[in-house]
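Asks: Got a structure for you, questions after.
Numbering (UniProt numbering), first residue to last: 1 to 165.
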């Protein structure tokens, strides 16, 4: 007498996951990464938290490229904490791989600054991760949300917002 085991639900193949076209990310700020052992888990796959750190590094470098040093913001009494974060994992990245973190400032609404991200292969053929982050300008001394961005910061951000989207 053979017992029939209940069938397990099958997940769709990876190729069935809806991934955006890589063409959409061509004009964004690019920050290259080489995957090091400390970025990975025991199996050599990038740990999910590493992607978040790379996104922040890319954002800081993008700001630096337009003349905004994070230390200068701190000196102005402004901090930019993350208040919202979303990530979609499309494919895993492995130890030793080279990838590029692409970012752009998507929108500034009052003191909320929205950033978009894509982590892709250097040759632009594979998309690994997409994400969004929302920052809020915070008065460091009072610990409260600012009513408006510091003028010098707002003027510098205008340089990024005119980039093609």
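We treat Cβ as the ideally placed atom computed from N, Cα and C, and that holds for glycine.
Going by beta-carbon coordinates alone, are residue 148 and residue 111 separated by less than 8 Å?
Replies: Yes, the Cβ-Cβ distance between residue 148 and residue 111 is below 8 Å.
Asks: If we count the other Cβ atoms within 10 Å of its Cβ and call it buried at 16 or more, is residue 48 buried or exposed?
Replies: By the neighbour-count rule (16 or more Cβ atoms within 10 Å), residue 48 is not buried but exposed.
Asks: DSSP state of residue 105, grouped into three classes?
Replies: In the structure shown, residue 105 sits in a strand (DSSP, three-state: E or B).
Asks: How many whole angstroms separate the CB atoms of residue 168 and residue 131, which I take to be in contact at a CB cut-off of 8 Å?
Replies: Lying outside 1 to 165, the shown extent of the chain, residue 168 is not represented and no answer is given.
Asks: Would you check if the distance between the CB atom of residue 91 and the CB atom of residue 126 is smaller than 8 Å?
Replies: Going by C-beta atoms, residue 91 is nearer than 8 Å to residue 126.
Asks: Tell me, which residues are paired with residue 94 by DSSP?
Replies: Beta-bridge pairing links residue 94 to 45.
Asks: For residue 127, report the span of its beta strand (DSSP E) as first-last.
Replies: 127 to 136 is the span of the beta strand (DSSP E), which, as asked, contains residue 127.
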